[in-house]
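A.B. asks: Read the sequence shown against the working numbering and you will find it ends at 112, with the numbers running on by one and no gaps.
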Amino acid sequence: ALARPDLKVTLLEPLQRRVTFLEEAVAGLGVEVHRGKAELEKGQYDYVTARAVAPLSKLWAISKHLIKPGGSLLAMKGEAAAAEAAEVPGAIVHEIELEGIPLARVVEVKR
2 ALARPDLKVT
12 LLEPLQRRVT
22 FLEEAVAGLG
32 VEVHRGKAEL
42 EKGQYDYVTA
52 RAVAPLSKLW
62 AISKHLIKPG
72 GSLLAMKGEA
82 AAAEAAEVPG
92 AIVHEIELEG
102 IPLARVVEVK
112 R
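#1: Could you pull out every residue in the same chain whose Cβ sits closer than 8 Å to the Cβ of residue 79, ignoring the five residues on either side in sequence?
#2: Only counting the same chain, and skipping five residues up and downstream in sequence, which positions put a Cβ closer than 6 Å to that of residue 92?
#3: Hey, residue 64 and residue 48 are a contact pair by Cβ (cut 8 Å); roughly how many whole angstroms apart?
#4: Quick one: is residue 84 buried, meaning 16 or more other Cβ sit within 10 Å of its Cβ, or exposed?
#5: Thinking C-alpha only, which one of 54, 82, 46 is nearest residue 9?
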């Protein structure tokens, strides 16, 4: 939201204490924070991102209904990214360089 104020950003978090923290952390950035679980959430988004939520196959199962046609799930994954991606049809592993992280992997699944 800071780098792209033209985008609408919504954060979803099931734990109230984290929701409270996130609301304070993003105050003034125009970011919406909702308390809830992906599998129960309604709405459709261009992109759904996740880090340290669940194995890719489960993450895809609980979040694909949130992704607009033509949109993508973008999941930060570790060394097992390729193995997890092999379990989800159409998943693509992108290796990217991030400061302080030896090798970051983002797995993309398009809807």
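No residue lacks a Cβ here, since even glycine has one placed at the ideal position from N, Cα and C.
C.D. replies: Working from what's here:
#1: What you label residue 79 is simply residue 78 of the sequence shown in a count that begins at 1. Within the same chain, residue 79 has close Cβ partners 106.
#2: The count along the sequence shown starts at 1 and reaches residue 92 at position 91. Excluding positions up to five away in sequence, the list reads 86, 108, 110.
#3: Position 63 of the sequence shown, counted from the start, is the residue given in the question as residue 64. Position 47 of the sequence shown, counted from the start, is the residue given in the question as residue 48. In this structure residue 64 does not touch residue 48 by the C-beta definition: roughly 11 Å separates them, more than the 8 Å allowed.
#4: Locating residue 84 in the sequence shown gives position 83, counting from the first residue. Result: exposed.
#5: In the sequence shown, the residue the question calls residue 9 occupies position 8. When each option's Cα is compared against that of residue 9, the closest is 46.
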